[in-house]
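First comes the structure, then the notes that go with it.
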Amino acid sequence: MTVLDSREILAGPLAEPYARPVRVPQRPARIRPPHRGPQNRRRPAGAPLRYRGTGVLMSRASHRRRPITPAATVGLALLAALITVWLGVIAEFGGVVGATDSPAPVPNTLAVVQVQEGETLEHVAHRVAPDAPVAHVVDRIRELNQLESAALDAGRTLIAPVG
1 MTVLDSREIL AGPLAEPYAR PVRVPQRPAR IRPPHRGPQN RRRPAGAPLR
51 YRGTGVLMSR ASHRRRPITP AATVGLALLA ALITVWLGVI AEFGGVVGAT
101 DSPAPVPNTL AVVQVQEGET LEHVAHRVAP DAPVAHVVDR IRELNQLESA
151 ALDAGRTLIA PVG
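Per full-length UniProt numbering, the sequence shown starts with residue 1, numbered consecutively.
So this is what it looks like as structure tokens:
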């Protein structure tokens with residue numbers, strides 16, 4: 001056996017007050033080249049981060065679905081056609097059965113009326129045809145008299161449906 005160093009290293013309360021510590025030389029750390037594998041590749045500065053996968057856990061169960069048969073396709077097409085025809089019938093016949101509270105139509109009898117002071121076209125329509133819808137009567141008066149606006153002058157004569 002070969003003795004390399006016989007000095008004692010004292011530490012703690014038994015050490016001499018002015019003893020110099022002994023340094024044990026350390027081996028320099030080995031510098032390893034960067035790993036070139038796909039996981040530790042360094043990206044250039046400013047390059048976007050790359051993520052592998054979606055980050056969403058997916059079920060690994062088999063998700064086999066039965067294919068849609070031609071008979072199912074034809075059945076769904078017939079069902080869609082039946083619903084379309086049914087909605088068309090409802091739209092044609094007015095929707096709700098028993099709705100007899102429809103307003104009276106615009107009267108066919110025409111008369112010449114004079115506009116009173118402060119009257120509007122709606123007032124005239126309500127005065128000459130109180131049972132008919134006012135909006136329809138106003139449209140008919142504007143059509144008969146070729147009015148571009150709803151402004152009326154007092155004393156003007158108009159052709160209006162009365163009834």
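Note that beta-carbon positions come from the ideal geometry of N, C-alpha and C, so glycine has one too. Computed from a prediction, not measured in an experiment: that's the story for all the values here.
- Residue 110 is bridged by DSSP to 161.
- In the three-state reduction of the DSSP assignment, residue 65 falls in the coil class.
- By the beta-carbon neighbour count (other beta carbons within 10 angstroms, threshold 16), residue 121 is buried.
- The residues 114, 115, in chain order, have a CB closer than 7 Å to that of residue 155 in the same chain once the five nearest residues on each side in sequence are set aside.
- In this structure residue 141 is not in contact with residue 162, their Cβ atoms being roughly 11 Å apart against a cut-off of 8 Å.
- Counting only residues of its own chain and dropping the five nearest sequence neighbours on each side, residue 134 has a CB closer than 8 Å to the CB of 122, 125, 126.
- In the displayed model, residue 115 falls within coil according to three-state DSSP, outside both helix and strand.
- In the three-state scheme derived from DSSP, where H, G and I count as helix and E and B as strand, residue 135 is classed as helix.
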